[in-house]
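Asks: Have a look at this one.
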Amino acid sequence: MLRSFQNFMNNAKHSVILTGKSHLHRKIPFTCVGVLSLAPVVSRSKPNKAHFAVAALETRCKEESKKSTLITQNIDRLHQAAGSQSIIELHGSLRDVCRADRQGC
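Next comes the structure, spelled out in structure tokens:
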């Protein structure tokens, strides 16, 4: 199966990677208060092997003049921390969250 995937990637001109929601979402209900309470946990989080593998794939694609796009539901920006650059954040980022009852939002 890995060989089939490698052949597929070698022949692809554009790769799109879709990542699921963060493990953090399981710990705290997805509400405004819940999302804001994730900030301390996210600030301590570090990218894992999967984040780095996705970033390495993007780098390889660039080296081969291929296009790579990462679409993520995660709000933790760990893909960016691992080095990914071409990212679409479906749900935005925790760093972009602000309260509607505060000025400047």
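Its first residue numbered 824, the sequence shown is counted upward by one per residue in the working numbering.
Even for Gly, the Cβ is constructed at its ideal location relative to N, Cα and C.
#1: Quick one: Cα of L880 to Cα of S916, how far?
#2: Along the chain, where does the alpha helix (DSSP H) containing H874 start, and where does it finish?
#3: Output the distance between the C-alpha atoms of S891 and S860, rounded to the nearest integer angstrom.
#4: Report the rounded CA-to-CA distance for P870 versus A905, giving the unit in angstroms.
#5: Taking the beta strand (DSSP E) that H837 falls in, what are its first and last residues?
#6: For L841, which residues from the same chain have a beta carbon less than 7 Å from its beta carbon, with the 5 sequence-adjacent residues on both sides left out?
#7: Rounded to a whole number of angstroms, what is the C-alpha to C-alpha distance between V839 and S868?
Replies: Walking through what the data contain:
#1: 22 Å
#2: K872 to E886
#3: 32 Å
#4: 6 Å
#5: H837 to T842
#6: I894
#7: 25 Å
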